[in-house]
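Here the protein sequences come in this chain order: A and B.
First residue of the first sequence? That's 22 in this note's numbering, and the numbers climb one at a time after it.
First residue of the second sequence? That's 5 in this note's numbering, and the numbers climb one at a time after it.
Working notes, beginning with the structure itself.
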Amino acid sequence: MIRELSLTDVEYLLLAMRWTIALTALALAGGGTIGLIVAACGASGRMLPRYLARGYVGLVQGIPLLVWLFLFYFGLSIFGYNLPPWVAATLGFSVYAGAFLGEIWRGALLSIPKTQWEAGRSIGLTFIEQLRHVIIPQAIRVAIPPTVGFTVQLVKNTSLAAVIGFVELTREGQLTTAATYQPFAVYLIVAALYFCVCYSLSRYAGALERSRRVAR
Amino acid sequence: MSLVELKRVTKRFGANVVLREVDLRVEKGEIIAIIGRSGSGKSTLLRCINGLEPVQGGEVWCDGVAVHDPKSDLRALRARVGIVFQSFNLFPHLTVARNVMLGPTIVKGMAADDAEKLAHEALRRVGLEEKIGAWADELSGGQQQRVAIARALAMSPTIMLFDEITSALDPELVGEVLLVLEAMARDGMTMLLVTHEMNFARRVANRVVFMHQGKVWEEGPAKEFFAAPRTEELRSFLSSVLH
Chain A
22 MIRELSLTDV
32 EYLLLAMRWT
42 IALTALALAG
52 GGTIGLIVAA
62 CGASGRMLPR
72 YLARGYVGLV
82 QGIPLLVWLF
92 LFYFGLSIFG
102 YNLPPWVAAT
112 LGFSVYAGAF
122 LGEIWRGALL
132 SIPKTQWEAG
142 RSIGLTFIEQ
152 LRHVIIPQAI
162 RVAIPPTVGF
172 TVQLVKNTSL
182 AAVIGFVELT
192 REGQLTTAAT
202 YQPFAVYLIV
212 AALYFCVCYS
222 LSRYAGALER
232 SRRVAR
Chain B
5 MSLVELKRVT
15 KRFGANVVLR
25 EVDLRVEKGE
35 IIAIIGRSGS
45 GKSTLLRCIN
55 GLEPVQGGEV
65 WCDGVAVHDP
75 KSDLRALRAR
85 VGIVFQSFNL
95 FPHLTVARNV
105 MLGPTIVKGM
115 AADDAEKLAH
125 EALRRVGLEE
135 KIGAWADELS
145 GGQQQRVAIA
155 RALAMSPTIM
165 LFDEITSALD
175 PELVGEVLLV
185 LEAMARDGMT
195 MLLVTHEMNF
205 ARRVANRVVF
215 MHQGKVWEEG
225 PAKEFFAAPR
235 TEELRSFLSS
245 VLH
């Protein structure tokens, strides 16, 4: 039965927004962990870790995000792992974010001039101390703007989780549309909600970019 | 044993031989200027002394440590060998104070307020105590280089290495850095300087070393060295730089 679009629907959309944000946060946590390992391996002087990191990034970036989601949701169920949609989505997005964050952070580490490592080494710092006190504090400043930029992409891409039945903002929009048959109004609200989150993140990234102090 | 001793040191970058069986001794309290054309191996020689560049042959001894031996504790050695680079290499994410304090607090485990006192002292020696709260990029090149010297001094080094430290500076800023070096020389610091400042070398150095094609081509006391070069290569080098 078709009903009117009401304030309750808007409220439900807002509540669904929480799941969009939650999925983004989970993907950042999982992807951040993978990304740290990928970045460390990718920036390493040793061949094997570098090849492994490059292989991982190539593999993930060469396969559509949607296919990763299908693989974790439908693919694993063939082997008897019936993952709830939110788990499958978290896994898929973590794998995906891990590759991109790994690349961003590897670039940030490599962007710090070799002379900074050398200056640290020259006052007697160990490798780990050089990383901790000299390289990472500078690399973070380089990495924050593109990391926030990627997070904006991530927020938008979580809408793909709708297709495996994870009820986030887009899926909630579909459900509301089905009930009210007012796609234009509903998706306008959905769009506005995405925009509010993404635009503030972009502004934040811009502000960070203007306030960094690193070796050139 | 000398403070620094290089025995038949050979250094290659791939097929490119940069140092060919170099011998050099530095005694405590000596001030040695290393001069030569670019590509003659003088900077590499300096960087081999604290192990920033590994050597492929020969022995490098510095303050009793076998630098050529991969098993040696270079971290402990580097804490007592100060080096200052052409491009300053200050830490841009730290204030001047924290630049100077980093080594003492992390490497020597010094308490923060002791390290801060030390930073004041080191910066006073280079005449920049009032810049202690500044960021590196707020300083002129000459000031940045003096902070880099203070950073090295804060580790109480037994020897200081200077790698063309005035080459990246505007001419009017060279003097302030050389004045700091002269003050350190008067305090009895052992110093090795790779430099293009011939007048400075003549005035301050005890001994001058001329590098050519990866070898110590000629060396001698500063006065005679410039007045009466023995080799044709040194003569031609001096005539090309002394005008």
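Here a beta-carbon is modelled for each residue, glycine too, at the ideal position from N, C-alpha and C.
Just so you know, these numbers come straight off a predicted model, no measurement behind them.
In terms of Cβ geometry, B:Gly86 and B:Ala156 form a close pair [threshold 7 Å]. Counting other Cβ atoms within 10 Å of its Cβ, B:Lys46 reaches 16 or more and is therefore classed as buried.
The contact set of A:Arg162 on chain B, defined by CB atoms closer than 8 Å, consists of His97 in chain order. Counting every other CB atom within 10 Å of its CB across the protein chains shown gives B:Met5 a total below 16, marking it as exposed. In this structure, the alpha-carbon of A:Thr172 lies about 15 Å from that of A:Ala228. Assignment of A:Pro106 by DSSP, reduced to helix, strand and coil, places it in the helix class.
Listed in chain order, the non-local C-beta contacts of B:Val100 below 6 Å within the same chain comprise Lys135, Ile136, Ala138, Val151, local neighbours out to five positions each way being set aside. Around the CB of A:Ile149, fewer than 16 other CB atoms lie within 10 Å, so the residue is classed as exposed. Taken through DSSP and simplified to helix, strand or coil, B:Lys135 comes out as helix. By the Cβ criterion, the region 206-218 of chain A is in contact with the region 186-196 of chain A, since at least three pairs of Cβ atoms, one from each stretch, lie closer than 8 Å.
The beta-carbon distance between B:Met202 and B:Met164, rounded to whole angstroms, is 20 Å. This is too long to meet the 8 Å contact definition. Contacts with chain B (Cβ-Cβ distance below 8 Å) from the region 152-183 of chain A involve His154, Val155, Pro158, Gln159, Arg162, listed in chain order. Residue-level contact by beta carbon fails for A:Ile210 and chain B, as no gap is shorter than 7 Å. In this structure, B:Gln60 keeps its C-beta atom at 7 Å or more from the C-beta atom of B:Ser171. Within the DSSP bridge table, the entry for B:Ala37 names B:Leu197, B:Val212 as partners. By the rule that beta-carbons nearer than 7 Å mark a contact, B:Gly107 touches chain A. Within chain B, no C-beta atom comes less than 9 Å from the C-beta of A:Thr198; the nearest is roughly 50 Å away. With distances taken between CA atoms, B:Glu176 lies nearest to B:Gly146 out of B:Glu228, B:Gly146, B:Phe229.
Here A:Cys217 is exposed: its Cβ has fewer than 16 other Cβ atoms, across all protein chains shown, within 10 Å.
Taken atom to atom, the span from the alpha-carbon of A:Ala182 to that of A:Ile58 is near 25 Å. In its chain, beyond the 5 residues on either side, Val104, Met105, Pro108, Met114, Ala158 have a beta carbon closer than 8 Å to the beta carbon of B:Leu122.
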